Amino acid sequence: MTSAPITDFVPQVLDGTKWENIEPLMSALLSRDVNSKGELEQWLIDRSELEAAIGESGANTYIDMTCDTESDEKQAAYTSFISNVVPKVKPISFELDKKFAALAQEFGLTDGHHAVLFRDTKADVDLFRQENVDIETEIAKLDQEYDKICGKMTVEFDGEERTMPMMGKYGESSDRSIREDAWRKVAARRLTDQPRISEIYDALVSKRDQVSKNAGLNSFVEHSFHSKRRFDYTPETCFAFHDAIEKHVMPFVAKLDANRKQELGLDALRPWDLAVDPKSQAPLKPFEGGVDLIAKTQKAFDQLSPELAKMFATMGDGSNTQGTADGAMLDLDSRKGKAPGGYLYFRDRSRIPFIFMNAAGQHRDVETMVHEAGHAFHSMFCVDEPLVWYRSSPIEYAEVASMTMELLTMPYWDAFYPSEADANRARRKQLEGSISLLPWIATIDAFQHWVYQNPTHTQDERAAQWLKLEERFGMQGHRVDWDGLEEERKFVWQRQGHLFGSPFYYVEYGIAQLGALGIWLISLEQGEEAALEAYKKSLKLGGSMPLPELFKAAGLPFDFGDETVGRLVKRVQSELDKLPE
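Counted from 1, the sequence shown has number 472 at position 473 by numbering that gives the first Met the number 0; the numbering is strictly sequential.
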């Protein structure tokens, strides 16, 4: 899978967690004379490989920390990296950015393949402030604390100590009393840590606002759009997206709600009524443990695409529980002490991806598996790109890579469900979720816009704004009766880790969902092969093209307004109507 770097500037083995190993190389790049376009191109390759080595060292400490939040050694390794390496790398990186920006203009490396890199580098130079380096380290430590708190959360249920992800399956129980008991125990456990998590978020908001002010910007909203290089849309575009969701998606969700209430025989939906099958059928059981999950996912990819199947087969069998030890690429099963969530981390030096999950035997784990596999495919398609900055794409398109796999694998979910009825239940769940997720995305995005436009807000004001948005869009798109659960309702947002560690990284899922649905429509209208070709063509570009061009390469419009949202909602509803009940 790996591709040999076109440089011997960086030692083949470099421990990038130690500043003394990095500093001489960064200083050499900074002091190197560059007298021609060719020398500048080699300088870029050398810098790229050094950044890849540093990035991979940080990636491994982060992965191992999230895989085992109870290990003092792994926590200390990550803390050391973000405290002792990152703050020293950033100022020199800024000087290297300035050097590249000047030399690129001098030697004509501002267009063609280097256009996006030049544009992004100039944006980074404009944003950097030395006084923000220490603040950003403090922010990373606060996010680490949030992960550690969440990783420790367990409840006693059904005779065992269970993590929060493990409790998810009880929300699918056809026994309403079990669902309610499980929901209340989880909510009560979360409320125990609510005060400290609220304090963490207060501190994050304050520090991020200070970072923005230091950079001469009006708010962290503005800072985020700069730092995330959102050159192709604005906050106003996001607000229009929210409005389109309210107009087109909420009626779709209202129809689902009405059907759910009728099927369950309820007068109103409660928070514990949202995950259970509306017909009160037993929860889907697609796999038992990470090894079984990988084997069945492999079967699905074998049927979808021999090329993708071959890529997936390189990642391992799903048995690893030791993070990055022995070069592992997967850590899948939920366990005590593991941070929540799921992610794909591409290690740029070895050019090997790593998938982190909290699988607990539910259908949503299948969705997560194929989703993260899509990210892995994206990184693998870019493995030969010599510039580290182009081995990933803007998040809005990175998520197209992952969400598309959720949709294109649907015809092959018989690998998980021998019963066609169960497979169709899963497909219905996926299609409904592809649209009903959008209100939650709008809620989280709108919440963040308000939070960072009003950084001095109180906790009570924040709760009031959350409830206002929750009334507009509903909990994950559902209108829910919260009578007697007012305190729990105020803090539902604390479950969304992106708010803490990846601020403003959420609307991308909505934009990407529209792109993924667009490729899925190609598969319906032009055939699966055409959809796969569009998918692979766009992924191979990595981050070398502006966002609209990546969408164009897949035959998609870069649009997430009223017309696009309305068209896709209508088509999903049409396909749902064809599925057997």
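Quick reminder that beta carbons are idealized off the backbone N, C-alpha and C, glycines included. Owing to the predicted nature of the structure, the values given are computational and were not obtained by experimental measurement.
Cβ shell of residue i (< 6 Å), same chain only, five flanking positions each side left out
{"i": "proline 454", "result": "Val204, Asp208"}
{"i": "glycine 509", "result": "Leu437, Ile440"}
{"i": "threonine 120", "result": "Asp96, Phe99, Ala100"}
{"i": "glycine 500", "result": "Asp142"}
{"i": "aspartate 561", "result": "Ala243"}
{"i": "leucine 102", "result": "Val33, Leu39"}
Local Cβ density within 10 Å of residue i, reported as buried at 16 or more and exposed below that
{"i": "glutamine 512", "result": "buried"}
{"i": "serine 418", "result": "exposed"}
{"i": "aspartate 67", "result": "buried"}
{"i": "isoleucine 518", "result": "buried"}
{"i": "arginine 346", "result": "buried"}
{"i": "threonine 162", "result": "buried"}
{"i": "isoleucine 62", "result": "buried"}
{"i": "histidine 222", "result": "buried"}
{"i": "threonine 442", "result": "buried"}
{"i": "lysine 569", "result": "exposed"}
{"i": "glycine 360", "result": "buried"}
{"i": "proline 393", "result": "buried"}
{"i": "tyrosine 525", "result": "It should be pointed out that residue 525 corresponds to glutamine in this sequence rather than to tyrosine. Exposed."}
{"i": "serine 172", "result": "buried"}
{"i": "isoleucine 5", "result": "exposed"}
{"i": "lysine 337", "result": "buried"}
heavy atom of the ligand MG below 6 Å from residue i C-beta
{"i": "leucine 116", "result": "Here there are no bound small molecules, and the ligand MG is not part of this structure."}
Straight-line Cα distance separating residue j from residue i
{"i": "threonine 60", "j": "methionine 404", "result": "28 Å"}
{"i": "threonine 136", "j": "leucine 28", "result": "25 Å"}
{"i": "methionine 368", "j": "proline 410", "result": "16 Å"}
{"i": "alanine 308", "j": "glutamate 371", "result": "14 Å"}
{"i": "glycine 322", "j": "lysine 73", "result": "10 Å"}
{"i": "asparagine 131", "j": "valine 210", "result": "6 Å"}
{"i": "glutamate 48", "j": "serine 56", "result": "12 Å"}
{"i": "glycine 483", "j": "arginine 363", "result": "29 Å"}
{"i": "alanine 299", "j": "proline 90", "result": "47 Å"}
{"i": "leucine 190", "j": "aspartate 266", "result": "28 Å"}
{"i": "tyrosine 396", "j": "phenylalanine 156", "result": "40 Å"}
{"i": "proline 385", "j": "isoleucine 44", "result": "7 Å"}
{"i": "proline 250", "j": "glutamine 104", "result": "52 Å"}
{"i": "proline 164", "j": "leucine 331", "result": "12 Å"}
{"i": "glutamate 527", "j": "alanine 400", "result": "15 Å"}
{"i": "glutamate 19", "j": "valine 84", "result": "9 Å"}
{"i": "proline 86", "j": "phenylalanine 311", "result": "36 Å"}
{"i": "alanine 463", "j": "serine 30", "result": "54 Å"}
{"i": "leucine 216", "j": "aspartate 459", "result": "26 Å"}
{"i": "glycine 288", "j": "phenylalanine 490", "result": "31 Å"}
{"i": "serine 378", "j": "serine 176", "result": "44 Å"}
Selected residue, minimal CA-CA separation from residue i, among the options
{"i": "leucine 466", "options": "His456, Glu486, Ala139", "result": "Glu486"}
{"i": "threonine 563", "options": "Ile244, Gly107, Ile53", "result": "Ile244"}
{"i": "tryptophan 42", "options": "Val9, Asp71, Thr313", "result": "Val9"}
{"i": "valine 12", "options": "Glu524, Phe380, Ala51", "result": "Ala51"}
{"i": "glutamate 69", "options": "Ile53, Glu144, Ser30, Asp32", "result": "Glu144"}
{"i": "lysine 295", "options": "Lys168, Lys212, Thr408, Gly54", "result": "Thr408"}
{"i": "serine 318", "options": "Ser304, Asp291, Ala312", "result": "Asp291"}
{"i": "lysine 551", "options": "Arg228, Gln429, Leu540", "result": "Leu540"}
{"i": "valine 382", "options": "Val220, Asp180, Ile351", "result": "Ile351"}
{"i": "glycine 473", "options": "Ala253, Lys36, Leu520, Val568", "result": "Ala253"}
{"i": "tryptophan 182", "options": "Glu235, Asp272, Lys246", "result": "Asp272"}
{"i": "tyrosine 232", "options": "Ala553, Pro547, Val568", "result": "Pro547"}
{"i": "cysteine 149", "options": "Leu523, Arg334, Tyr344, Met379", "result": "Arg334"}
{"i": "threonine 313", "options": "Met356, Ala375, Gly289", "result": "Ala375"}
{"i": "alanine 281", "options": "Lys168, Ala529, Glu94", "result": "Lys168"}
Nonlocal neighbours in the same chain, by C-beta distance under 7 Å from residue i, ignoring five residues either side
{"i": "proline 277", "result": "Asn258, Arg259, Glu262, Leu263"}
{"i": "leucine 255", "result": "Glu431, Ser435"}
{"i": "leucine 303", "result": "Leu407, Thr408, Tyr411"}
{"i": "serine 2", "result": "Legend: pLDDT at serine 2 = 49, less than 50; position of this residue unreliable, no value from coordinates given."}
{"i": "alanine 533", "result": "Ile518, Ile521, Ala553, Gly554"}
{"i": "asparagine 213", "result": "Arg128, Glu130, Asn131"}
{"i": "valine 115", "result": "Gly542, Ser543, Met544, Pro545"}
Residue i at chain D interface by Cβ criterion, 7 Å
{"i": "valine 382", "result": "Given the protein chain composition of this structure (a single chain), no chain D is represented."}
Sheet register partners of residue i (DSSP bridge)
{"i": "tyrosine 342", "result": "Phe355"}
{"i": "phenylalanine 156", "result": "Glu159"}
{"i": "aspartate 330", "result": "Phe355"}
8 Å CB neighbourhood of residue i in its chain, flanking five on each side removed
{"i": "alanine 422", "result": "Trp412, Asp413, Phe415, Tyr416"}
{"i": "glycine 565", "result": "Ala243, Lys246, His247"}
{"i": "glutamine 495", "result": "Ile443, Tyr505"}
{"i": "serine 82", "result": "Thr136, Lys140"}
{"i": "proline 502", "result": "Leu203, Arg207, Phe219, Ser223, Gln447, Tyr451"}
{"i": "glutamate 306", "result": "Lys535"}
{"i": "alanine 327", "result": "Gly315, Asn319, Gln321, Phe353"}
{"i": "tyrosine 389", "result": "Val115, Leu116, Cys381, Gly541, Gly542, Ser543"}
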